[in-house]
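Residue numbers (our numbering), protein chains in the order written: chain E, 20 to 311; chain D, 20 to 311. Ideal Cβ positions, reconstructed from N, Cα and C, are used throughout, including at glycine. See structure below.
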DNA sequence: GGATTTATGGAATTAATATTTCATAATGCG
DNA sequence: CGCATTATGAAATATTAATTCCATAAATCC
C-alpha cells in the first residue's frame, strides 16, 4: 500500500477533472510519479499520441511508473487513462458548430452563467473559423485598393453593427487616415453624407434586419458616386446592390445576439491594409504601426 | 498486380495531399477499398485514434482491406498511414499562440493582405481561448447580481474600448434595461455622471494605456458610491482599485491593434445574465430573448 | 540505527494489434 | 462462356506494446 490512498474509487471521466485530481494531490506524490504528473499536464498531446514506452522515455521514467500513475488516479491502467487524453483532443477538434448547439441547449434549460459565457465564446470562435474560410484574397485586395485611393473614408453602421464602425473609425484615426463616422446622435447624418464625393469612399456594415436608415443612406452615397465597400451577411442583402465590393460575413448567434468578432477581424485587416498601401509599396519595410 | 498502379512511389506526407490523392483516385477504386476511402475522409479522427480492427469494424470491412488501402496510397502499412492522420490532429490542436507569432513574422516581412487578416483572426481566437480559461463563474455571478440590482446601468469606455461599451448599450437597450452610455461627443460626461447614485451601477472598460478621462470618471463614480464592474487587462490597472468586481481580460494584439473579441464575449454574457436575473428565477423557463 | 514500509527499475509475461497468407469469390477480357 | 486477373474474407502469424512481477533501493518510523 502506498502513502496515499491507492485508488480513488472513480477515475476522472474527462480531462478537466483529471487535471484537477492531479493538481490536488501534487504535493504528496512520490518523486517519479510527480515527474509523470508534471509531464502529463505539460504535454497532454504526447500522452494522447505516444505509447507507454515512448512517453516513459520522454518523461525519463519507466513504463511501469506510468502505469502506477494511472492506477493511482483510479484508472485500470495506462490505456484507460490515455483514453481521457485522446477524448480531450477529439473534443477540442470537434467542430465548434456542434459545441455551439450543445451550449444553446444547455442555456435554454437554464444552465449557469458560465454556460452563457461559453456560448458567446463558442459563437465568436465559430464565426472566426467561418470567415477565415470564406474571405478571399482578391476581394480583400480590391477593397483595400479602393479605400486607399479615397480622400475621406466614410464609415456607416447602425445598431448592432455600430461597434464595428466605431472601431474602424478609431483604427483609421490612429493610422492617420481621414475618416468620417456617420453618427446618428444629432440627426445630422443627411448633411454629413451630402459632403461626400466620388473621390471619397465608404465602408458600410449592416446585417439583417438591415436598419432602414443605413440602406437609405447607402443608396444616397451610391447615387453621389461614392465607391462603397460593404460588410454584410448574404448575397441578398440590399447592400450588395449598392456596393462595389462586398463581403459576406456569417456571424453565429447566441442567446439572440450575434457575435461581432468576424466582422471586427475583417474590418481591422482592411484598415491595416489601407494604411500599408497608403504608405506606398516602398514603405513595406516597416508595415507595423506600433500604436495601442 | 491491381488495376491501378499498386503503389505510388511516395506516400503523402500530410493530410491534405493524402486527401487529394484519395479524391483523385476515387472513381476507379475497388468497392471495399472505396468504402474505406469514404470512411477515411468522413471520419479522419476515428482513424487517428482507432485500432485497425476497430476502424475496420466501423467501416464494415476487414482489417486487411484497411492495410491494402494504405499500401495503395504508397504507405508501408496501416501504421504509417495512421501517423498522417495523427499528425493532422496535432497540428489542428497546436496552440494558436504559435500560429499567431508565425503570422506576426510573416506580416512583418510584408506578406499579403490575407496574412494580415489571418493574423487578426488568430489574435481573436487566442484571446477567446484565454478568456475562456481565466473567467471564473463566481466573479461572473457577482457581477451579474450587482448589475441586476441597479436602477440605471452606466456604461463607460473610451477609444479602443468604446466599441465594447456601445455594444453593451445596444444589448441592454434591446433587453429593456435602463442604460446610460457615457458619450464624449458634447463634453457633457461630467454632468451625465453627476446624476448617478448608489442605487445605480456602472460597467467600465479600459485597457492600457488607460484613457485618463475614464480613470477620472471611474473615480468620480466610486466616490458617489456607485458600484462598479470593470473589464480591464491586469491586476495593476487603476480600475481595479475603484471596481467592486473586475475581470482580467488579456486580448492578443496584431499589427498594433488588440482584439476585442474576448471583452465582447464577456460583456454579452454579463448582459444576458443581468436580463435573466431581472426576469426573476421563475422566468427561467424562457431565458432566451429572441431579439436580433 | 535497525526494521518496516514504500517506491523504483528492469526484465518477464501477457495481451493487443498489425500484417501476412491463403483460399475463395467476383470481375473483366478474349 | 471459360480463363485469367483482381478483389475479398478469414484465420494464422509476427510484432509491438501494456502490464505484472520481483529484486533492490529509498524513505519512514520506532
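### Query
Can you find a C-beta in chain D that's less than 8 angstroms from the C-beta of residue 144 (chain E)?
In the first chain, the residue the question calls residue 144 (chain E) occupies position 125. Yes, residue 144 (chain E) lies at the interface with chain D (some Cβ there is under 8 angstroms from its Cβ).
#### Entry: Contact list for the region 82-98 of chain E against chain D, Cβ threshold 8 angstroms
none
### Query
How about residue 214 (chain D) and residue 277 (chain D): do their beta carbons lie closer than 8 angstroms?
Translated into positions along the second chain, residue 214 (chain D) becomes position 195. Translated into positions along the second chain, residue 277 (chain D) becomes position 258. No; because the gap between Cβ atoms is not below 8 angstroms, this pair is not in contact.
### Message
If contacts are defined as beta-carbon pairs under 8 angstroms, then residue 169 (chain E) and residue 241 (chain E) qualify, I think. What distance do you get, rounded to the angstrom?
### Response
Taking the first residue of the first chain as 1, we reach residue 169 (chain E) at position 150. Taking the first residue of the first chain as 1, we reach residue 241 (chain E) at position 222. Contact doesn't hold; Cβ gap of about 15 angstroms is too wide.
### Close-in-space but distant-in-sequence residues of the same chain around residue 97 (chain D) (CB under 7 angstroms, 5 per side omitted)
Within the second chain, numbered from 1, the residue matching residue 97 (chain D) stands at position 78. Excluding sequence neighbours, residue 97 (chain D) sits near 71, 85, 86 and 89.
### Boundaries (first-last residue) of the beta strand (DSSP E) holding residue 175 (chain D)
For the purposes of this step, residue 175 (chain D) is identified with residue 156 of the second chain, where counting begins at 1. Start and end: 172-176.
### Query
Within 10 angstroms of its Cβ, does residue 270 (chain D) collect 16 or more other Cβ (buried), or is it exposed?
In the second chain, counting from the first residue as 1, residue 270 (chain D) sits at position 251. The residue is buried, with at least 16 neighbouring Cβ atoms inside 10 Å.
### Query
Just how far apart, CA to CA, sit residue 27 (chain D) and residue 160 (chain E)?
In the second chain, residue 27 (chain D) corresponds to position 8, counting from 1. In the first chain, residue 160 (chain E) corresponds to position 141, counting from 1. Unreliable positioning characterises residue 27 (chain D) in this predicted model, as indicated by a pLDDT of 49, which lies under 50. A coordinate reading is not provided.
### Query
If you check the beta carbons only, do residue 273 (chain D) and residue 105 (chain E) fall under 8 angstroms apart?
Taking the first residue of the second chain as position 1, residue 273 (chain D) is located at position 254. Taking the first residue of the first chain as position 1, residue 105 (chain E) is located at position 86. No, Cβ-Cβ distance for residue 273 (chain D) and residue 105 (chain E) is not below 8 angstroms.
#### Entry: Per-residue DSSP class, three states only, for residue 196 (chain E)
Your numbering for residue 196 (chain E) matches position 177 in the first chain. Correct three-state label for residue 196 (chain E): coil.
### Query
Interface residues of chain E around residue 190 (chain D) at Cβ under 7 angstroms?
The residue you call residue 190 (chain D) lines up with position 171 of the second chain. In chain order: 276.
### Query
Quick one: what's got a C-beta closer than 7 angstroms to residue 126 (chain D)'s C-beta in the same chain, skipping five residues either side?
For the purposes of this step, residue 126 (chain D) is taken as residue 107 along the second chain, with counting starting at 1. The residues 134, 135, 138 and 274, in chain order, have a CB closer than 7 angstroms to that of residue 126 (chain D) in the same chain once the five nearest residues on each side in sequence are set aside.
### Task
Select from E:54, E:65 and E:93 the residue whose C-alpha is nearest the C-alpha of residue 36 (chain E).
As a position in the first chain, residue 36 (chain E) is number 17, starting the count at 1. Selected option, being the one with the closest Cα: E:93.
#### Entry: Residue span of the alpha helix (DSSP H) that contains residue 86 (chain D), given as start and end
Taking the first residue of the second chain as position 1, residue 86 (chain D) is located at position 67. That run of the alpha helix (DSSP H) goes 82-91.
### Task
Just mark residue 83 (chain D) as buried or exposed, buried being the case when its beta carbon has 16 or more other beta carbons within 10 Å.
Along the second chain, read from residue 1 onward, the residue named residue 83 (chain D) stands at position 64. By the neighbour-count rule (16 or more Cβ atoms within 10 Å), residue 83 (chain D) is not buried but exposed.
### Query
Which residues in chain D sit within 9 angstroms of residue 283 (chain E), going by Cβ to Cβ distance?
Taking the first residue of the first chain as 1, we reach residue 283 (chain E) at position 264. Chain D residues near residue 283 (chain E): 139, 143, 182, 278, 279, 280 and 283.
### Spatial distance of residue 149 (chain D) from residue 116 (chain D) (CA atoms)
In the second chain, counting from the first residue as 1, residue 149 (chain D) sits at position 130. In the second chain, counting from the first residue as 1, residue 116 (chain D) sits at position 97. For the pair residue 149 (chain D) and residue 116 (chain D), the Cα-to-Cα distance works out to about 10 angstroms.
#### Entry: Reduced DSSP category for residue 294 (chain E) - H, G, I as helix; E, B as strand; rest coil
If you number the first chain from 1, residue 294 (chain E) lands on position 275. Note: residue 294 (chain E) maps to helix in three-state DSSP.
#### Entry: Cut-off 7 angstroms between Cβ atoms - residues of its own chain near residue 290 (chain E), not counting five sequence neighbours on either side
Reading the first chain from its first residue, position 271 is the one you call residue 290 (chain E). Contacts found: 187, 190, 191 and 194.
### Query
What is the rounded straight-line gap between the Cα of residue 249 (chain E) and the Cα of residue 259 (chain E)?
Numbered from its first residue, the first chain carries residue 249 (chain E) at position 230. Numbered from its first residue, the first chain carries residue 259 (chain E) at position 240. Cα-Cα distance, rounded: 7 angstroms.
### Message
For the ligand FMN, I want to know if residue 39 (chain D) counts as a neighbour, meaning its beta carbon is within less than 7 angstroms of at least one of the ligand's heavy atoms.
### Response
Ligands are entirely absent from the displayed structure, and the ligand FMN is therefore not among its contents.
### Message
Please confirm whether residue 287 (chain E) has its beta-carbon closer than 8 angstroms to some beta-carbon of chain D.
### Response
Here residue 287 (chain E) refers to the residue found at position 268 of the first chain. Closer than 8 angstroms: yes.
#### Entry: Test: residue 34 (chain D) CB closer than 8 angstroms to a CB of chain E
The residue given as residue 34 (chain D) occupies position 15 in the second chain. It does not; no Cβ of chain E falls within 8 angstroms.
#### Entry: chain D contact residues for residue 314 (chain E), given Cβ-Cβ distances below 7 angstroms
No information on residue 314 (chain E) is available, as it lies outside the stretch 20 to 311 that chain E covers here.
### Query
Exposed or buried, which one is residue 292 (chain E) when buried takes at least 16 other CB atoms within 10 Å?
As a position in the first chain, residue 292 (chain E) is number 273, starting the count at 1. By the neighbour-count rule (16 or more Cβ atoms within 10 Å), residue 292 (chain E) is buried.
### Buried versus exposed call for residue 295 (chain D) [16 or more other C-beta atoms within 10 Å across all chains shown]
By one-based count along the second chain, residue 295 (chain D) stands at place 276. Looking at its Cβ environment, which holds 16 or more other Cβ atoms inside 10 Å, residue 295 (chain D) is buried.
### Message
I'd like the ranges of any beta strand (DSSP E) spanning at least 3 consecutive residues and lying wholly in the region 118-182 of chain E.
### Response
Runs found: 172-176.
### Query
Residues in the region 154-179 of chain E with C-beta within 7 angstroms of chain D's C-beta atoms, listed in sequence order?
154, 156, 159, 160, 163, 178 and 179
### Close beta carbons around residue 58 (chain D), own chain, < 6 angstroms, minus the five adjacent residues each side
Along the second chain, read from residue 1 onward, the residue named residue 58 (chain D) stands at position 39. Contacts found: 78.
### Query
In chain D, which residues lie with their C-beta within 7 angstroms of the C-beta of residue 135 (chain E)?
Start at 1 with the first residue of the first chain, and residue 135 (chain E) comes out as number 116. Residues of chain D passing the Cβ test: 288, 291 and 292.
### Task
Would you verify that the beta carbon of residue 131 (chain E) is, or is not, closer than 8 angstroms to some beta carbon of chain D?
Residue numbering aside, residue 131 (chain E) sits at position 112 when the first chain is read from its first letter. Judged by the 8 angstroms Cβ criterion, residue 131 (chain E) is in contact with chain D.
### Query
Are the Cβ atoms of residue 237 (chain D) and residue 261 (chain D) separated by less than 8 angstroms?
For the purposes of this step, residue 237 (chain D) is taken as the residue at position 218 of the second chain. For the purposes of this step, residue 261 (chain D) is taken as the residue at position 242 of the second chain. Yes, the Cβ-Cβ distance between residue 237 (chain D) and residue 261 (chain D) is below 8 angstroms.
#### Entry: Contact list for residue 185 (chain E) against chain D, beta-carbon separation under 7 angstroms
As a first step, residue 185 (chain E) must be located in the first chain, where it is residue number 166. Ordered by position in chain D, the residues that pass the 7 angstroms Cβ test against residue 185 (chain E) are 181, 182 and 185.
### Message
For chain D, check one thing: does any of its Cβ atoms lie closer than 8 angstroms to the Cβ of residue 68 (chain E)?
### Response
Position 49 of the first chain, counting from 1, holds the residue named residue 68 (chain E). With 8 angstroms as the cut-off, residue 68 (chain E) counts as an interface residue toward chain D.
### Query
Considering only the beta carbon of each residue, do residue 246 (chain D) and residue 165 (chain D) sit closer than 8 angstroms?
The residue you call residue 246 (chain D) lines up with position 227 of the second chain. The residue you call residue 165 (chain D) lines up with position 146 of the second chain. Result yes, Cβ atoms of residue 246 (chain D) and residue 165 (chain D) sit closer than 8 angstroms.
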